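Chemist: Here it is, the structure, as structure tokens.
In the numbering used here, the protein residues as written are 56 to 212.
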């Protein structure tokens, strides 16, 4: 028997949905996440689009692999699933993260992050390790990155 769970958060970003998607949708997110959260991200299969497999090496802990199961540029939705290591080593049978960018104005959008998981009944206590906080921090970092780069673009004009 398995236990299912999900957690979600939304954050308003002061940037266009397309600009934010340029980071979330491709491997551009590594520009922000690698120095702060990960030692390395290596695309080991594919080009960063749907079906690609990435090896993520945390600053501390063992590397794990995730697959980009959905990359929808039109609707600005990206889903990844851990396929080796990390939560799967803790009794999870599914660990999926979905990013969605929802336009709210010319220079604003909502970034919704949802984590869904399944865990074997005997490991249900490990569900407490699931946290949306890293996704919130990444959304804040993306907003800061986009605002700083927007200011640089304005200064160069």
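Think of the CB as a built atom: it goes at the ideal place given N, C-alpha and C, for glycine as much as any other residue.
Because the structure is a prediction, the values reported are computed rather than measured.
Do the stretch 115–127 and the stretch 159–173 touch if we need at least three Cβ pairs shorter than 8 Å?
Modeler: no
Chemist: State buried or exposed for residue 148, treating a residue as buried only when at least 16 other CB atoms are found within 10 Å of its CB.
Modeler: By one-based count along the chain shown, residue 148 stands at place 93. With fewer than 16 Cβ atoms within 10 Å of its Cβ, residue 148 is classed as exposed.
Chemist: By a C-beta neighbour count over all protein chains shown, 10 Å radius and 16 as the cutoff for buried, is residue 161 buried or exposed?
Modeler: In the chain shown, counting from the first residue as 1, residue 161 sits at position 106. It is exposed - the Cβ of residue 161 has fewer than 16 other Cβ atoms within 10 Å.
Chemist: Looking only at its own chain, which residues have a Cβ that is under 8 Å from the Cβ of residue 128, when we skip the five neighbours before and after it?
Modeler: Indexing the chain shown from 1 puts residue 128 at position 73. Counting only Cβ-Cβ distances below 8 Å, and skipping sequence neighbours, we find 76, 80.
Chemist: Is the CB-CB distance between residue 58 and residue 179 below 8 Å?
Modeler: Position 3 of the chain shown, counted from the start, is the residue given in the question as residue 58. Position 124 of the chain shown, counted from the start, is the residue given in the question as residue 179. A contact, by the Cβ cut-off of 8 Å.
Chemist: Between residue 56 and residue 69, what straight-line distance do the alpha-carbon atoms span, to the nearest angstrom?
Modeler: In the chain shown, residue 56 corresponds to position 1, counting from 1. In the chain shown, residue 69 corresponds to position 14, counting from 1. Those two C-alpha atoms are separated by around 43 Å.
Chemist: Exposed or buried, which one is residue 177 when buried takes at least 16 other CB atoms within 10 Å?
Modeler: In the chain shown, the residue the question calls residue 177 occupies position 122. Residue 177 is exposed by the Cβ-count criterion.
Chemist: Pick helix, strand or coil for residue 210, following the three-state DSSP scheme.
Modeler: Within the chain shown, residue 210 is the residue found at index 155, counting from 1. With a pLDDT of only 49 at residue 210, under the threshold of 50, the placement of this residue in the model should not be trusted; the figure read from the coordinates follows. Three-state result, residue 210: helix.
Chemist: Among 195, 119, 184, which one has its Cα closest to the Cα of residue 62?
Modeler: Working through the chain shown from its first residue, we reach residue 62 at position 7. Minimum Cα distance to residue 62 is reached at 184.
Chemist: With 8 Å set as the bound, which would you pick, yes or no: does the beta-carbon of residue 198 sit closer than that to a beta-carbon of chain C?
Modeler: The chain labelled as chain C is not found in the depicted structure, where only one protein chain is given.
Chemist: Since residue 199 and residue 67 should fall inside the 8 Å C-beta cutoff, what is the C-beta to C-beta distance between them, to a whole number of angstroms?
Modeler: Taking the first residue of the chain shown as 1, we reach residue 199 at position 144. Taking the first residue of the chain shown as 1, we reach residue 67 at position 12. Contact doesn't hold; Cβ gap of about 14 Å is too wide.
Chemist: Using three-state DSSP, classify residue 91 as helix, strand or coil.
Modeler: Locating residue 91 in the chain shown gives position 36, where the first residue counts as 1. Residue state, collapsed to three classes: helix.
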